[in-house]
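First comes the structure, then the notes that go with it.
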Amino acid sequence: MIFRQLYEPVSSTYTYLLGCEETGRAVLIDPVINSVERDLAEVSKLGLKLEYTLDTHIHADHITSARELKQKAGSKIAAPAMDCLPCTDVGVEEGRPFQVGRLSFQPIHTPGHTDGHFAYRLDDRIFTDDALLIEDSAIFPVLADLIAFLMHDCCDGHCAYCDKAIELFAQCEGRPTSSGTVDSKI
Numbered sequence: 001m002i003f004r005q006l007y008e009p010v011s012s013t014y015t016y017l018l019g020c021e022e023t024g025r026a027v028l029i030d031p032v033i034n035s036v037e038r039d040l041a042e043v044s045k046l047g048l049k050l051e052y053t054l055d056t057h058i059h060a061d062h063i064t065s066a067r068e069l070k071q072k073a074g075s076k077i078a079a080p081a082m083d084c085l086p087c088t089d090v091g092v093e094e095g096r097p098f099q100v101g102r103l104s105f106q107p108i109h110t111p112g113h114t115d116g117h118f119a120y121r122l123d124d125r126i127f128t129d130d131a132l133l134i135e136d137s138a139i140f141p142v143l144a145d146l147i148a149f150l151m152h153d154c155c156d157g158h159c160a161y162c163d164k165a166i167e168l169f170a171q172c173e174g175r176p177t178s179s180g181t182v183d184s185k186i
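Each residue of the sequence shown is one higher than the one before, counting from 1 in UniProt numbering.
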């Protein structure tokens with residue numbers, strides 16, 4: 001798997017570029033409009049074809065970029081199905097894996113930042129974007145506390161993940177995060 005974490009300083013947003021080495025197909029998770037050219041250059045540099053943009057939630061900072069990338073690169077827009085956006089090519093729903101090449105993302109509905117917010121689990125990583133606002137704006141002082149809360153109170157049914165460490169790539173709004181084990185707080 002090819003993995004790049006890309007930072008956009010004006011909006012303090014992290015975008016994730018993931019590519020399947022076997023198929024050469026790529027996805028950008030939560031791209032932002034200010035970084036379209038940078039993102040396309042990175043995809044090209046790695047010899048990948050941008051197949052999808054994948055949004056965790058619908059806000060203008062993400063969907064405007066997805067539309068421009070669709071226009072420039074021919075990628076498809078994948079976004080939460082419950083938001084019913086006309087520009088969406090693929091509606092993402094919990095319980096239905098989302099494939100990019102051989103990469104299989106597990107959508108997890110995580111309402112809060114928006115009603116239709118999703119996190120995406122890929123192997124031992126969870127891409128959460130704005131669902132976790134860390135440090136000063138967080139409700140929970142420790143990321144593991146938040147994960148324990150989500151597993152038990154908000155996302156019941158996902159406790160199968162609780163017995164192993166989950167490395168969280170959740171650089172939300174430019175704030176640092178940490179890795180932790182869910183079962184250490186359960």
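Backbone N, C-alpha and C define an ideal beta-carbon position, used for all residues, glycine too.
| query | result |
| --- | --- |
| Beta-carbon proximity of Leu69 to Leu28, cut-off 8 angstroms | yes |
| Integer-rounded CB distance, given that Ala78 should sit under 8 angstroms from Pro31 | Contact flag wrong, Cβ pair sits at about 12 angstroms. |
| Close Cβ partners of Lys49 (< 7 angstroms) along its chain, the five nearest in sequence each way excluded | Gly24, Arg25 and Ala26 |
| N-terminal and C-terminal residue of the beta strand (DSSP E) that Glu21 is part of | Note, Glu21: premise wrong, no beta strand (DSSP E); not H, not E. |
| Enclosing alpha helix (DSSP H) for Leu46 [first to last residue] | Premise fails: Leu46 is in no alpha helix (DSSP H) and is neither H nor E. |
| Residue burial classification, Ala73 (beta-carbon count within 10 angstroms, cutoff 16) | buried |
| Collapsed DSSP secondary structure at Asp156 in the structure displayed | Summary for Asp156: the model assigns pLDDT 49, below 50, so the residue's position carries little reliability; its value from the coordinates is reported in the next sentence. Asp156: coil per DSSP, three-state reduction. |
| From Thr56, Val10 and Ser35, residue whose alpha carbon lies closest to that of Ile108 | Thr56 |
| Candidates Thr15, Arg102, Lys76 and Gly95: closest to Arg38 by CA position | Thr15 |
| Continuous beta strand (DSSP E) stretch holding Ile33: start and end | Segment: none, Ile33 is in no beta strand (DSSP E) and carries neither H nor E. |
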